[in-house]
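A.B. asks: For the sequence shown, position 62 matches number 61 in numbering that gives the first Met the number 0, and the numbering has no gaps at all.
Ideal placement from N, C-alpha and C gives every residue a C-beta, glycine not left out.
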Amino acid sequence: MASSYEVFERPAPTSRQECTRLDHPVRGRQYPRNVLRENSPVGDRSRQVSVVKRDGTATRRVADFVATEDPLEIRLNDVPLAVVMRTPGDDEDLVTGFLLTEGILLDPGELQAVERIDESRVSVRLQDGVAVDPTRFQRNLFMSSSCGVCGKASIEAVQLFARPAREFTIERATIAELTTRLRSQQPTFDETGGLHAAGIFNLVGELLAVREDVGRHNAVDKAIGVVAKRQWPLEPSILVVSGRQSFEIVQKAAVVGIGGVVGVSAPSSLAVELAETLGMLLVGFSREDAFNVYAGEARLVH
Numbered sequence: 000m001a002s003s004y005e006v007f008e009r010p011a012p013t014s015r016q017e018c019t020r021l022d023h024p025v026r027g028r029q030y031p032r033n034v035l036r037e038n039s040p041v042g043d044r045s046r047q048v049s050v051v052k053r054d055g056t057a058t059r060r061v062a063d064f065v066a067t068e069d070p071l072e073i074r075l076n077d078v079p080l081a082v083v084m085r086t087p088g089d090d091e092d093l094v095t096g097f098l099l100t101e102g103i104l105l106d107p108g109e110l111q112a113v114e115r116i117d118e119s120r121v122s123v124r125l126q127d128g129v130a131v132d133p134t135r136f137q138r139n140l141f142m143s144s145s146c147g148v149c150g151k152a153s154i155e156a157v158q159l160f161a162r163p164a165r166e167f168t169i170e171r172a173t174i175a176e177l178t179t180r181l182r183s184q185q186p187t188f189d190e191t192g193g194l195h196a197a198g199i200f201n202l203v204g205e206l207l208a209v210r211e212d213v214g215r216h217n218a219v220d221k222a223i224g225v226v227a228k229r230q231w232p233l234e235p236s237i238l239v240v241s242g243r244q245s246f247e248i249v250q251k252a253a254v255v256g257i258g259g260v261v262g263v264s265a266p267s268s269l270a271v272e273l274a275e276t277l278g279m280l281l282v283g284f285s286r287e288d289a290f291n292v293y294a295g296e297a298r299l300v301h
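1) Going by C-alpha to C-alpha distance, which of S45, T56, G55 and V78 sits closest to Q65?
2) Would you check whether the ligand MG has a heavy atom nearer than 8 Å to the C-beta of G198?
3) Count the other CB atoms within 10 Å of the CB of N217; is the residue buried (16 or more) or exposed (fewer)?
4) Going by other Cβ atoms of all chains shown within 10 Å of its Cβ, with 16 needed for buried, is S268 buried or exposed?
5) Suppose the cutoff is 6 Å on Cβ atoms and the five residues either side in sequence are ignored; what does the same chain contact list for D43 look like?
6) I248 lies in the alpha helix (DSSP H); which residues open and close that run?
7) Can you say whether D127 is buried or exposed, counting buried as having 16 or more other CB atoms within 10 angstroms of its CB?
8) Out of curiosity, what's the CA-to-CA distance linking Q158 and V260?
9) Are the region 84-102 and the region 222-234 in contact at 8 Å, needing three or more beta carbon pairs?
10) Taking only three categories from DSSP, how would you classify E72?
11) Inspect the CB distances between the region 46-59 and the region 101-115 and report whether three or more fall short of 8 Å.
12) On the three-state DSSP scale, how would you describe S236?
13) Could you tell me if A130 is buried or exposed, where buried requires 16 or more neighbouring beta carbons within 10 angstroms of its beta carbon?
14) I need the boundaries of the alpha helix (DSSP H) containing I223, first residue and last residue.
15) Is there contact between the region 238-252 and the region 262-280, where contact requires at least three CB pairs shorter than 8 Å?
16) Which partner residues does P79 have in the DSSP bridge list?
17) Excluding the five sequence neighbours on either side, which residues of its own chain have a C-beta within less than 8 Å of the C-beta of T58, listed in chain order?
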C-alpha cells in the first residue's frame, strides 16, 4: 500500500540550501499529507466539539470549545525549514519571532516578506544580499531535550548567540502585577482553557504585546515577533509566560536581549543556570503579590 505520509529529506546541497535548518530535530518527522494540506480558517483559534459531560450522577452531551491546533510548514527560500504545531492566527508574528529566537536571523530587517502559500504553509523571503550563516543553526542542535547534549554545552551554545540585555532595574511591585495583567489578556483561554499566553512588558509594567497559542514556545515567538517588528533592538523588557519557564523559554528571551522572564509556575534547573550565567532576572510562582526570585535579584528595587 502506498504511504500517505510526506517525509522531509535533505536535498542535494547547494550553497544556499546548506544554510537551511534541515538538521533541526523536526527533520525526518512524518506528517500525513492530508494534515499538512488540510484547510482550516486562518485565525480560527477555537473549534466547537461535542463532549459527554459527567456531573455528579448525571451524564449529558454538551457543546464545548477546544483550542485549535494545526501544523504550519515554514519554508525558507522554497526549502522546508520546520513544521510547528500552532494555533492559527498571527502566523507572520510567529515566523518572525521563530526566525529571531532560533538565531536564523539576527535582525528583523533581514526579513523581506512572509508569504502565505496556503492555510498550512508559508514561505519566507529574505532581503537581497542577506547571507544566512550556517553556523547560526548549530545552536539549534542543542535545543531539543532528546538531543543528548549536556546542560553545560547547551548554555555555552546559547552564550554564543545571546544578545546582552542592557542594564536595568525594575520595582518589585511592578513584577508582582505582571502575571495578573497577562491573565486579563487571554480571551481564548477563557473560552477553551487550553492556550498558553506570553506577554512582553516594559520596565514600568506597560504591556507591549501579548499572544496566545496552544504551544508555549509559539506564544513566546508570536509576542517577540510583534515587538521586534516595531522596535529593534528591543528596549529593556520582561517576558511573562502563563506556565513554567523551561530552558528553551529563557534562551528565546536571551537571544533577543530580553532581560527577564516571569512565570506563574516553576523554572527548570537548567533555566535557572542559564539565567544566572547571563545575568538575567528569573521569577517563578508569580501570583498577585507573591513570587520567587531564582536569578537576578539585584535587578529588583524597593
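C.D. replies: Quick look at the numbers:
1) It should be noted that the sequence gives Val, not Gln, for residue 65. That would be S45, whose Cα lies nearest to the Cα of V65.
2) Questions concerning the ligand MG fall outside what the structure shown contains, since it holds no ligand whatsoever.
3) buried
4) exposed
5) T67 and P87
6) F246 to V254
7) exposed
8) 17 Å
9) yes
10) strand
11) no
12) strand
13) exposed
14) R215 to R229
15) yes
16) R74
17) V51 and K52
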